[in-house]
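Enquirer: Have a look at this one before I ask anything.
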Amino acid sequence: MTLQRTIAPEFKAIDHIQLIRPDHTLLDNGCNIFSFNSGDQELVRIEWIFSNLRFDPAKPLLNVAVNTMLTEGTSKLSASQIADHIDFYGAFLQVDYGYDHSQVTLYTLNKHLKSTLPVIKDIITDSIFPENELETFVRNQQQKLQVSLQKNDVLARRAFNKAVYGDTIYGLGAEPADYKTLLRDDMLWHFQQMYQPSNCTILVAGKVDKQTLELLNDAFGADWTNPTVEADTTQPPLKPAGEHFYFIDKPEALQSAIRMGLPSITRTHPDFPAVQVLNTVLGGYFGSRLMANIREDKGYTYGIGSGLSSLNKGGAWFVATEVGADVCKAAVTEIEKEINLLKTELVPEEELSLVRNYMLGSLLGSLENVMSHADKFKNIYFAGLGYEYYERYTQVIRSITSEEVMQMANKYLDLDQFYKVIVGKF
3 MTLQRTIAPE FKAIDHIQLI RPDHTLLDNG CNIFSFNSGD QELVRIEWIF
53 SNLRFDPAKP LLNVAVNTML TEGTSKLSAS QIADHIDFYG AFLQVDYGYD
103 HSQVTLYTLN KHLKSTLPVI KDIITDSIFP ENELETFVRN QQQKLQVSLQ
153 KNDVLARRAF NKAVYGDTIY GLGAEPADYK TLLRDDMLWH FQQMYQPSNC
203 TILVAGKVDK QTLELLNDAF GADWTNPTVE ADTTQPPLKP AGEHFYFIDK
253 PEALQSAIRM GLPSITRTHP DFPAVQVLNT VLGGYFGSRL MANIREDKGY
303 TYGIGSGLSS LNKGGAWFVA TEVGADVCKA AVTEIEKEIN LLKTELVPEE
353 ELSLVRNYML GSLLGSLENV MSHADKFKNI YFAGLGYEYY ERYTQVIRSI
403 TSEEVMQMAN KYLDLDQFYK VIVGKF
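To get the numbering used here, take the position in the sequence shown, counting from 1, and add 2.
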């Protein structure tokens with residue numbers, strides 16, 4: 003049979019996406035464990051996920067600094083000893099900070115769990131944030147920040163988040179001087195309040211058997227207890243700014259950064275899947291309208307995109323790009339034109355069909371292993387949703403009409419309410 007390279011592959015509709023659902027159990031101290039068992043390779047990923055404490059504008063960096071420095075030493079182990087121990091067993095350890103949660107993640111072979119879990123236990127229960135390591139952290143972070151603040155896109159993102167989210171953890175734009183507010187005593191108190199069983203969810207993915215759960219319970223279920231004060235994980239209310247236009251002038255700039263958008267719905271809203279379709283048409287993939295117009299047709303930029311951020315306490319819809327400084331106004335005009343077209347003209351069925359296939363294919367392609375299924379679970383669990391979210395999501399994508407896309411554009415893309423940030427020339 004001769005291969006016909008001039009004929010495109012046939013489209014195959016994606017009728018159903020099957021997600022692996024976790025088993026749920028509790029440690030002896032009441033800490034939740036959700037496990038996803040693949041039963042194949044002798045490998046496991048374990049995540050200890052903690053909700054961030056309430057944001058304090060007077061001490062804005064506590065959440066990120068405490069999480070980042072968890073691996074910098076305990077009363078028993080130095081930072082180098084922690085790293086050497088994990089490396090010796092061919093394991094991998096990382097700490098990750100997010101706006102809503104901070105986490106510790108361990109990848110290891112099952113046979114080395116008994117040797118690696120005690121190190122994680124030490125980090126989560128006995129980090130001491132040594133003064134020397136804290137000084138080094140402050141110095142390094144200040145230097146990194148000073149470099150980042152020279153980049154137009156960084157300045158645009160910071161200004162946009164501040165405008166949309168106000169004085170909250172989402173709107174934080176740290177300054178070098180903020181690192182001087184980090185005190186070891188504050189970090190120790192923060193650590194003790196935040197890293198407790200009642201504020202922790204453990205996710206296990208890989209080869210998870212009875213022994214895996216027993217080892218976890220032996221390490222974390224017995225003598226890891228809650229302090230007398232419950233962790234305060236509430237957050238201040240969002241207060242978007244009254245000013246909607248921000249221009250940071252850089253006379254020598256060759257490129258201008260543009261970020262524009264507005265507060266929007268989150269994953270918990272019934273319209274969210276439909277708005278994601280709208281976003282994908284506009285700027286959510288390489289074949290989007292913004293890319294076709296501003297990159298391919300006009301040549302103003304190498305890349306432009308739009309996105310939806312869905313956080314626990316709020317969300318935003320935004321367009322972001324960097325364009326030649328001399329075409330910045332023209333680029334903004336074209337972005338607004340594409341938004342208005344979505345509000346006044348129906349998306350052709352051929353284009354909408356392509357977007358449907360892209361979105362369903364992306365979801366299916368993102369489920370490459372059992373750890374990917376655990377990631378999908380995190381999206382819904384921490385939003386307070388169930389698996390019916392994904393069933394509704396795929397159903398909306400398959401059935402949404404051009405009329406419904408236009409309705410979403412008129413309902414959620416009010417250009418008069420947009421926040422616009424320009425860094426460079428305008």
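Glycine is no exception: its CB is placed at the ideal position from the N, C-alpha and C atoms.
Suppose you measure from the CA of residue 167 to the CA of residue 293; what does that come to, to the nearest Å?
Expert: Mapped onto the sequence shown, residue 167 falls at position 165. Mapped onto the sequence shown, residue 293 falls at position 291. Taking the straight line from one Cα to the other gives about 27 Å.
Enquirer: Suppose you measure from the CA of residue 123 to the CA of residue 108; what does that come to, to the nearest Å?
Expert: If you number the sequence shown from 1, residue 123 lands on position 121. If you number the sequence shown from 1, residue 108 lands on position 106. Residue 123 and residue 108: Cα-Cα distance of roughly 11 Å.
Enquirer: Residue 357: buried (16+ other C-beta within 10 angstroms of its C-beta) or exposed?
Expert: Looking up residue 357 in the sequence shown gives position 355. Under this definition residue 357 is a buried residue.
Enquirer: Looking at C-beta atoms only, is the number of pairs between the stretch 274-282 and the stretch 83-97 that lie closer than 8 Å three or more?
Expert: No, because fewer than three Cβ pairs between the stretch 274-282 and the stretch 83-97 fall closer than 8 Å, the two stretches do not touch.
Enquirer: If you scan the stretch 124-162 from start to end, which runs of the alpha helix (DSSP H) of 4 or more residues do you find wholly inside it?
Expert: Runs found: 133-150.
Enquirer: When the Cα atoms are used, what is the spatial distance from residue 407 to residue 85?
Expert: As a first step, residue 407 must be located in the sequence shown, where it is residue number 405. As a first step, residue 85 must be located in the sequence shown, where it is residue number 83. Going by the C-alpha atoms only, they are around 51 Å apart.
Enquirer: So, with DSSP's three-state summary, where would you put residue 178?
Expert: The count along the sequence shown starts at 1 and reaches residue 178 at position 176. In this structure, residue 178 counts as helix in the three-state DSSP scheme.
Enquirer: Quick one: what does DSSP say residue 31 is sitting in, helix, strand or coil?
Expert: Stepping through the sequence shown from its first residue, residue 31 is reached at position 29. Looking at residue 31 - three-state DSSP - the assignment turns out to be coil, as it is neither helix nor strand.
Enquirer: Is it buried or exposed for residue 164, if we count other Cβ within 10 angstroms and need 16 for buried?
Expert: Within the sequence shown, the letter at position 162 stands for residue 164. It counts as buried.
Enquirer: Measuring only the C-alpha atoms, how far is residue 226 from residue 178?
Expert: As a first step, residue 226 must be located in the sequence shown, where it is residue number 224. As a first step, residue 178 must be located in the sequence shown, where it is residue number 176. Answer to the nearest angstrom: the Cα atoms are 36 Å apart.
Enquirer: Does the stretch 375-385 come close enough to the stretch 322-339 to have 3 or more Cβ pairs within less than 8 Å?
Expert: No, the stretch 375-385 does not touch the stretch 322-339.
Enquirer: Mapping the DSSP letters down to three states, classify residue 363 as helix, strand or coil.
Expert: If you number the sequence shown from 1, residue 363 lands on position 361. Note: residue 363 maps to helix in three-state DSSP.
Enquirer: Report, in whole angstroms, the separation of the C-beta atoms of residue 130 and residue 396, which I expect to be a contact under 8 Å.
Expert: Against the sequence shown, residue 130 aligns to sequence position 128. Against the sequence shown, residue 396 aligns to sequence position 394. That belief does not hold up - the Cβ atoms of residue 130 and residue 396 are roughly 47 Å apart, past 8 Å.
Enquirer: With distances taken between CB atoms, is the gap from residue 186 to residue 136 smaller than 8 Å?
Expert: Start at 1 with the first residue of the sequence shown, and residue 186 comes out as number 184. Start at 1 with the first residue of the sequence shown, and residue 136 comes out as number 134. It is a contact, given that the beta carbons lie within the stated cut-off.
Enquirer: Would you give the residue range spanned by the beta strand (DSSP E) that residue 74 belongs to?
Expert: Within the sequence shown, residue 74 is the residue found at index 72, counting from 1. No beta strand (DSSP E) contains residue 74, which DSSP labels as neither H nor E.
Enquirer: Do you know how far the Cα of residue 184 is from the Cα of residue 198?
Expert: Residue 198 sits at position 196 when you count from the first residue of the sequence shown. Residue 184 sits at position 182 when you count from the first residue of the sequence shown. So the alpha carbons of these two residues sit roughly 21 Å apart.
Enquirer: Determine the burial state of residue 26: buried for a count of at least 16 other Cβ atoms within 10 Å of its Cβ, exposed for fewer.
Expert: By 1-based counting over the sequence shown, the position of residue 26 is 24. Exposed, because fewer than 16 other Cβ atoms sit within 10 Å of the Cβ of residue 26.
Enquirer: Could you tell me if residue 295 is buried or exposed, where buried requires 16 or more neighbouring beta carbons within 10 angstroms of its beta carbon?
Expert: Residue numbering aside, residue 295 sits at position 293 when the sequence shown is read from its first letter. Label assigned to residue 295: buried.
Enquirer: Beta-carbon separation of residue 337 and residue 321 under 8 Å?
Expert: Looking up residue 337 in the sequence shown gives position 335. Looking up residue 321 in the sequence shown gives position 319. Contact flag set, yes.
Enquirer: Are residue 30 and residue 224 close, meaning C-beta to C-beta below 8 Å?
Expert: Along the sequence shown, one-based indexing puts residue 30 at 28. Along the sequence shown, one-based indexing puts residue 224 at 222. A contact, by the Cβ cut-off of 8 Å.
Enquirer: So, for residue 375: in the same chain, excluding its five sequence neighbours on each side, which residues have a beta-carbon less than 8 Å away from its beta-carbon?
Expert: Within the sequence shown, numbered from 1, the residue matching residue 375 stands at position 373. Contacts found: 21, 22, 38, 207 and 369.
Enquirer: My parser needs the alpha helix (DSSP H) runs of 4 or more residues fully inside the stretch 299-365; what are they?
Expert: Entirely contained in the stretch 299-365, the alpha helix (DSSP H) runs reaching 4 residues are, in chain order, 330-346.
Enquirer: Report yes or no: do three or more beta-carbon pairs, one from the stretch 101-118 and one from the stretch 40-49, lie closer than 8 Å?
Expert: Yes: the two stretches touch, three or more of their Cβ pairs being nearer than 8 Å.
Enquirer: What alpha helix (DSSP H) runs, 4 residues minimum, are completely inside the stretch 170-237?
Expert: Those alpha helix (DSSP H) runs which fall completely within the stretch 170-237 and span 4+ residues are 186-196 and 212-222.
Enquirer: Per DSSP, what are the beta-bridge partners of residue 98 in this structure?
Expert: Walking along the sequence shown from the start, residue 98 turns up at place 96. Looking at the DSSP assignment, residue 98 forms a beta bridge with 105.
Enquirer: Is any heavy atom of the ligand FMN found at a distance shorter than 7 Å from the C-beta of residue 283?
Expert: The model on display carries no ligand, and the ligand FMN is accordingly not part of it.
Enquirer: Go ahead and pull the three-state DSSP assignment for residue 288.
Expert: For this step, residue 288 is matched to residue 286 along the sequence shown. The answer is coil: DSSP assigns residue 288 none of H, G, I, E or B.
Enquirer: If I measure Cβ to Cβ from residue 120 and keep anything under 7 Å in the same chain, skipping five residues before and after, which residues do I get?
Expert: Position 118 of the sequence shown, counting from 1, holds the residue named residue 120. Cβ neighbours of residue 120 beyond the five flanking positions: 221.
Enquirer: Spatial neighbours of residue 241 within its chain, please: CB distance less than 6 Å, with the 5 preceding and 5 following residues excluded, ordered by chain position.
Expert: By one-based count along the sequence shown, residue 241 stands at place 239. Excluding sequence neighbours, residue 241 sits near 168.
Enquirer: Hey, how far is the Cα of residue 180 from the Cα of residue 172?
Expert: Counting from one through the sequence shown, the residue named residue 180 turns up at place 178. Counting from one through the sequence shown, the residue named residue 172 turns up at place 170. Spanning the two alpha carbons is a distance of roughly 16 Å.
Enquirer: Where does residue 246 fall in DSSP's three states?
Expert: Locating residue 246 in the sequence shown gives position 244, where the first residue counts as 1. Of the three classes helix, strand and coil, the one that applies to residue 246 here is coil, per DSSP.
Enquirer: Evaluate contact between the stretch 139-151 and the stretch 235-251, counting only Cβ atoms and requiring at least three cross-stretch pairs below 8 Å.
Expert: Cβ pair count under 8 Å is below three, so no.
Enquirer: Where residue 297 and residue 304 are concerned, what is the direct C-alpha to C-alpha distance, given to the nearest angstrom?
Expert: Translated into positions along the sequence shown, residue 297 becomes position 295. Translated into positions along the sequence shown, residue 304 becomes position 302. So the two alpha carbons sit approximately 6 Å from each other.
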